[in-house]
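If you read the protein sequences in the order shown, they are chains A and B. All residue numbers for the first sequence refer to numbering that gives the first Met the number 0, where the first residue is 0 and numbers rise by one. All residue numbers for the second sequence refer to numbering that gives the first Met the number 0, where the first residue is 0 and numbers rise by one. Notes to accompany the following structure.
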Amino acid sequence: MTHAAPHSQTAAKARPGTARDYIELLKPRIMLLVVFTALSGLVAGSSISGTPINPVLAAISIFAVALGSGAAGAINMWYDADIDAVMTRTAARPVPSGAVPKDEALATGLIMSGVAVLLMWMASNFIAAGLLAVSIAYYGWFYTMVLKRRTSHNIVVGGAAGAFPPVIGWAAVTGTAPLDAWLLFAIIFFWTPPHFWALSLVAHKEYEKAGIPMLPVTRGARATRLQIFAYTLLMLPVGLAPVLTGLGGWAYGVSAMILGLVFLGFAWRVLRSKAGEPTAGDAERKLAMGMFGFSILYLFGLFAVLLAEHGFGLYLPVEL
Amino acid sequence: MTGEFEIKPRTPEELAAQKNRNVWLAISLLVFVILVGVTTTMRLQTADLSPEGGFYFDGSMETGASPLSEPAS
Chain A
0 MTHAAPHSQT AAKARPGTAR DYIELLKPRI MLLVVFTALS GLVAGSSISG TPINPVLAAI
60 SIFAVALGSG AAGAINMWYD ADIDAVMTRT AARPVPSGAV PKDEALATGL IMSGVAVLLM
120 WMASNFIAAG LLAVSIAYYG WFYTMVLKRR TSHNIVVGGA AGAFPPVIGW AAVTGTAPLD
180 AWLLFAIIFF WTPPHFWALS LVAHKEYEKA GIPMLPVTRG ARATRLQIFA YTLLMLPVGL
240 APVLTGLGGW AYGVSAMILG LVFLGFAWRV LRSKAGEPTA GDAERKLAMG MFGFSILYLF
300 GLFAVLLAEH GFGLYLPVEL
Chain B
0 MTGEFEIKPR TPEELAAQKN RNVWLAISLL VFVILVGVTT TMRLQTADLS PEGGFYFDGS
60 METGASPLSE PAS
């Protein structure tokens, strides 16, 4: 396997970058999910611990999480500019398209990292700021620079980076990170591999072209489909665990069960399909993309119910 | 001093993009200043600024032994 030449100049003709390009640099779609899970963690933490929320400081804390997410995204785009230029899906990103110079992408990421951690520390506490700093470093350095190009387990280990936001949100309002917060971490951690591998079953040729050792590239489509099913099977009880600790009520429990079973159904159908195989047709591609799309709905759904239970008084405890 | 730096003429499209970036950079800086100001104000409102508060400066410069404040023997 050959990697794309690190940090090679892209062939794309430079176009003048606008503010929109700098926003794209921050990966706004990922930021949305990060902000939402952080908000859910913050509201659930406040409700469970009985700590009142100062709405202004809470809003600034969530804003700091968004900035941190954007900062990590900018660092990722700076480092991955060479492989982004090779893949059709990412070739139009701000750095490979020439809209944002590489040095500016790095500077944006580093400055925003500092601002995000500083704001978080000012608005909340040292623990939340420390966790935010760790999560930025985890994604921007550990996942992007260490794991991504070296191991097919990049998504499994790197998935922790996206799992920090609810813990940060929880810590921002309570100053602690108890078991319940780490359960939310675990949900996202176990959700990440099936989520990304469903996409990689479709985009594996792109990853191969860029020399990224994604699971379908190194171990093949069949092993990937098996791993998707295994992780989804693990994710189902992890998704239900908040009910056992009292973090999730009736609405959460029912939602987690229904959404989890549908997710598992997708994983089962993908397992029995030829998705990712050279002979796979349009139906297999649609199935894998359907699972990818549903995985986003699953995570949004779980955290939305958690937010509704703890933020809008819909929490009905499950008597066990 | 010779002219080592040559300013490349910019196209109207590049100038418009630069102006767009500058405006957003200015807005971002303004937002940052406002956020720091609001956070500091809210923190100060709830802070314990009494001498017993511990963390904050209590207004006294004479706490602790200083060689300069030792009486001459």
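Think of the CB as a built atom: it goes at the ideal place given N, C-alpha and C, for glycine as much as any other residue. Predicted model, so just to flag it, every value in this text is computed and none were measured.
Check, Outcome
"Just to confirm the assignment, what range does the alpha helix (DSSP H) spanning Phe228 (chain A) have?", "220–244"
"Is any beta-carbon of chain A found at less than 8 angstroms from that of Ala64 (chain B)?", "Residue confidence is low: Ala64 (chain B) scores 49 on pLDDT, short of 50, so the model does not pin down where it sits. No coordinate-derived value is stated."
"Can you name the residues of chain B whose CB is closer than 8 angstroms to the CB of Met121 (chain A)?", "Val35, Thr38, Thr39, Arg42"
"For Asn153 (chain A), count neighbouring Cβ atoms within 10 angstroms of its own Cβ and tell me buried if that reaches 16, exposed if not.", "buried"
"Please check the pair Ser151 (chain A) and Met213 (chain A), which I expect to be a contact at CB under 8 angstroms, by giving their CB distance rounded to whole angstroms.", "7 angstroms"
"Roughly how many angstroms separate the alpha carbons of Ala106 (chain A) and Thr217 (chain A), rounded to a whole number?", "34 angstroms"
"With Arg284 (chain A) and Val201 (chain A) assumed to form a contact (beta carbons below 8 angstroms), what rounded beta-carbon distance in angstroms separates them?", "6 angstroms"
"Report the CB separation of Pro241 (chain A) from Leu182 (chain A) in whole angstroms; it is logged as a contact under 8 angstroms.", "5 angstroms"
"Just to make sure I have the definition right: I need the residues of chain B whose C-beta is within less than 7 angstroms of the C-beta of Val114 (chain A). Which are they?", "Phe31"
"Does any C-beta atom of chain B lie closer than 8 angstroms to the C-beta of Pro100 (chain A)?", "no"
"Got a sec: is the Cβ-Cβ distance from Ala18 (chain A) to anything in chain B below 8 angstroms?", "yes"
"Taking DSSP as the reference, what is the three-state secondary structure of Gly247 (chain A)?", "coil"
"Suppose you measure from the CA of Leu56 (chain A) to the CA of Ser123 (chain A); what does that come to, to the nearest Å?", "7 angstroms"
"Would you please verify whether the beta carbon of Ala16 (chain B) is less than 8 angstroms from any beta carbon of chain A?", "yes"
"Beta-carbon within less than 6 angstroms of Gly67 (chain A)'s beta-carbon, same chain only, minus the 5 sequence neighbours each way: which residues are those?", "Ala115, Leu131, Ile135"
"Would you mind stating whether Leu301 (chain A) and Gly168 (chain A) have Cβ atoms separated by less than 8 angstroms?", "no"
"When you compare only the Cα positions, how much space is there between Gly16 (chain A) and Ala127 (chain A)?", "34 angstroms"
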